[in-house]
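Have a look at the structure below, then the notes.
2 protein chains.
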Amino acid sequence: MKPKNIHLPFLYIILFVISFVAGKYLYKVEHFDVPLDHFGYAVDHTFKIRYLVNDSYSSGKDSPILFYTGNEGDIELFAQNTGFMWEIAPNLTALVVFAEHRYYGKSLPFNNSFEGPTQTGYLTSEQALADFADLVKHLDPDSTRPVIAIGGSYGGMLAAWFRMKYPHLVEGALASSAPILQFEGITPCGIFSRITTSVFSISSANCSANIQRSWKTMQDLFAKEEDRKFLNETFKFCKPLNSTDDLQQFFDYLVDVYGNLAMINYPYETNFLAPVPAYPVRAFCQKLEKKLEGKDLINALQEAVSIYANYTKQSSCLNYTTANGALGSNGWDIQTCNEMVMPMCSDGKNDMFFTVDWNLIDFEKNCLQKYKLKPRPNSVT
Amino acid sequence: MKPKNIHLPFLYIILFVISFVAGKYLYKVEHFDVPLDHFGYAVDHTFKIRYLVNDSYSSGKDSPILFYTGNEGDIELFAQNTGFMWEIAPNLTALVVFAEHRYYGKSLPFNNSFEGPTQTGYLTSEQALADFADLVKHLDPDSTRPVIAIGGSYGGMLAAWFRMKYPHLVEGALASSAPILQFEGITPCGIFSRITTSVFSISSANCSANIQRSWKTMQDLFAKEEDRKFLNETFKFCKPLNSTDDLQQFFDYLVDVYGNLAMINYPYETNFLAPVPAYPVRAFCQKLEKKLEGKDLINALQEAVSIYANYTKQSSCLNYTTANGALGSNGWDIQTCNEMVMPMCSDGKNDMFFTVDWNLIDFEKNCLQKYKLKPRPNSVT
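Residue numbers (the UniProt record's numbering), protein chains in the order written: chain A, 1 to 381; chain B, 1 to 381.
Shown next, in the form of structure tokens:
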């Protein structure tokens, strides 16, 4: 199989929010001017970042600020899915703030345009943290309030870095699921694949083994015209698999689904990345508990994938094509091509995936070609 | 008196090194590639910064690194005048490193050109610290060595910030005479003038009082042609005082001399900013111990200033004109117009100087006009 960009788990945070319910939590929407470039004076452009604020629990100038360091997506998504902050705010008499990350949601320096490094070059974690720092100073000009940074995933990395880089502004950080060590030369590239696999293996050893076998099974079925028809009918693809590129795209989709399921394996029903039941990996693996092969395996896999792809039974077909035009995905793709170079790979032996090598040189070539960006793989470490 | 740029104390570090003796300490000169912009990807320029290294005391991979965070000037100047690092290095079995600040000495991204923000825009403390961070990673790729940042004056600010901003790379910092709180809204603008005054008052109350009176005395003498002749002959100016602009320039020069004397009031002979005796303020004030007025005051002042301006008796005339074309001064002038906006003023009552107001709006206007730079007075705090 050809190498693929397996950084997608973060990216899909945006793409899969199809049936997002009306907000549970209330806030005011505010905007704040920031310089495009905090660390240089060659360009003099400013733009507005958006933030959400709720001061109904706050008791005044001394009460803390719970500050969500927004990640790669519309900040309202994170505001509605970070219940912990809303739960603890009343007890702490805290001001609740969700700050949107530049280049995502409505915090767009060049609207929806991402044309080359002159526009995309300032989409970095350091610039985003400097936005947040300016916002903290704006919210608390006299520095009387303790500020606790909170975030999950890339937002968690930002929370940790915010505390490290701005110790005079940030008292503490809660960095949830924050892979700050997933960079060149620090963490082996296969770790994410192994951990994802273990989440499925814990549910049932047959579950991950079935997934591991499924790739070859699907390739074999795809190779024969009659079996390919079975494959297409079983999964009810919106766009049938006609080429090996289509098959590869479907495989990539499945890799992302498995990663997402592991990441959102919450003990309650959610619709954060997609509407799923409580313990979605358990629900998924219940369909693959027995050792299965051939078409039986594919039938079971289809049912299992539906737990993620069609839990609400609203979809008439399975859409495995990813919409790269979506804003959030643009942003994260760009970040992986500047400083968020997080080596990932799989070998199909120590994990349930197919072989994907990590090749930094190819990765860099691709970034230069696609975005004219030359990655700096060690810049954030 | 018209307001002046009273940030010059830092700047003169470079300008006054006239009779710099042959180096006392030995090092290898090395160079290291850094990106022009560490925090953006719009420009893809790299250049070399210079650093000086001595590994003769180091015992190997575990021994510490004493890392001088170079300031606004040729790094060799600081290497030769930071004896403390050389003194403690053998006991600590330390690697001694002096890193040159970008845009100074021989670490020039655009050679000697400082043409507009596209060239000058990356002369910031954050970019310099990122250079230093890359250099630390280069010197100690496995992070086995404790790194202690050391610096004085602006270099001391950098040492402190280096520890704060890169806690994972820097174990500790010795920030000597580092005014990290001398920024908008934090420290009153008159503090530097008052402290300078107190250094002279401690030597003798008459000393600072004489200086305080001298401005008016010189203005009065300048106003009459015969007395002006006396003034010119007494000080033996290389360029006689012919206009009020000349007089102002001489006053500015004296303000800088007094600031420098206070800053280099070491208990031993030095030639760091200029060749001076041990306790140079004491030597200076010995000439102004009695209450003096009129021409007596001027005669004594001339003798006192000679302690700084002509201690080696090599100069046949007093040069009060500052060479703004000098590299180091270009750099620091630019930095005061981006993020190093350090409010300074004097009132002639609580200090021994003439009245200089601090007016941020005028200051910003001047920066825009002179360098096309819009200062961000709170960016480093």
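The beta carbon of each residue, even a glycine, is placed where N, CA and C say it ideally should be.
For chain A, find out if any of its Cβ atoms is closer than 8 Å to the Cβ of residue i; answer yes or no.
i                 : result
Phe222 of chain B : no
Thr118 of chain B : yes
Pro167 of chain B : yes
His7 of chain B   : Its pLDDT being 47, under 50, His7 of chain B is placed unreliably in this model, and the value from its coordinates should be taken loosely. No, His7 of chain B does not count as interfacial toward chain A.
Taking 8 Å as the threshold (beta carbon to beta carbon), is residue i in contact with chain B?
i                 : result
Phe162 of chain A : no
Pro179 of chain A : no
Asn366 of chain A : no
Assuming contact is defined by CB atoms lying nearer than 8 Å, are residue i and residue j in contact in what I supplied?
i                 : j                 : result
Gln302 of chain B : Phe235 of chain B : yes
Thr120 of chain B : Ile264 of chain B : no
Ser177 of chain B : Ser201 of chain B : no
Gly190 of chain A : Asn350 of chain A : yes
Ala94 of chain A  : Ser58 of chain A  : yes
Val255 of chain B : Asp131 of chain B : no
Met340 of chain A : Trp358 of chain A : no
Phe84 of chain B  : Tyr68 of chain B  : no
Val96 of chain A  : Trp86 of chain A  : yes
Tyr103 of chain A : Gly331 of chain A : yes
Ala278 of chain B : Pro267 of chain B : yes
Pro375 of chain B : Cys367 of chain B : yes
Cys317 of chain A : Phe237 of chain A : yes
Arg145 of chain A : Pro64 of chain A  : yes
Leu66 of chain A  : Val29 of chain A  : no
Asn232 of chain A : Leu288 of chain A : no
Gly70 of chain B  : Gly155 of chain B : yes
Tyr308 of chain B : Leu261 of chain B : yes
Thr381 of chain B : Phe114 of chain B : no
Ile298 of chain B : Thr187 of chain B : no
Run the proximity test for residue i: is its beta-carbon closer than 7 Å to any non-hydrogen atom belonging to the ligand NAP?
i                 : result
Glu364 of chain A : The model depicted lacks the ligand NAP and carries no ligand whatsoever.
Note down, in chain order, every chain B residue with its Cβ under 7 Å from the Cβ of residue i.
i                 : result
Asp44 of chain A  : Lys374
Glu126 of chain A : Phe39
From the DSSP output, which residues share a beta bridge with residue i?
i                 : result
Phe67 of chain A  : A:Val97 and A:Ala149
Val51 of chain B  : Note that residue 51 of chain B is Tyr in the sequence shown here, rather than Val. B:Glu30 and B:Ala99, per the DSSP bridge assignment.
Phe110 of chain B : B:Asn112
Thr197 of chain B : BP columns for Thr197 of chain B are empty, so no partner.
Leu318 of chain B : B:Phe237
Thr46 of chain A  : A:Pro35
Ser208 of chain B : Per DSSP, none; premise fails for Ser208 of chain B.
Ser306 of chain A : Answer is none; Ser306 of chain A lacks a bridge partner.
So with CB distances below 9 Å, who are the chain A contacts of residue i?
i                 : result
Tyr122 of chain B : Phe39, Gly40, Tyr41 and Ala42
Note down, in chain order, every chain B residue with its Cβ under 8 Å from the Cβ of residue i.
i                 : result
Asn338 of chain A : Tyr41
Could you tell me whether any Cβ in chain E is nearer than 8 Å to the Cβ of residue i?
i                 : result
Thr270 of chain A : In the structure shown, chain E cannot be found, because the protein chains are A and B.
In chain order, each alpha helix (DSSP H) run of at least 4 residues that lies wholly inside the stretch 119–181 of chain B: 125–139 and 154–165
Any alpha helix (DSSP H) of 4 or more consecutive residues that is wholly inside the stretch 253–298 of chain A: 280–286
Every unbroken alpha helix (DSSP H) inside the stretch 352–379 of chain B [4 residues or more]: 360–371
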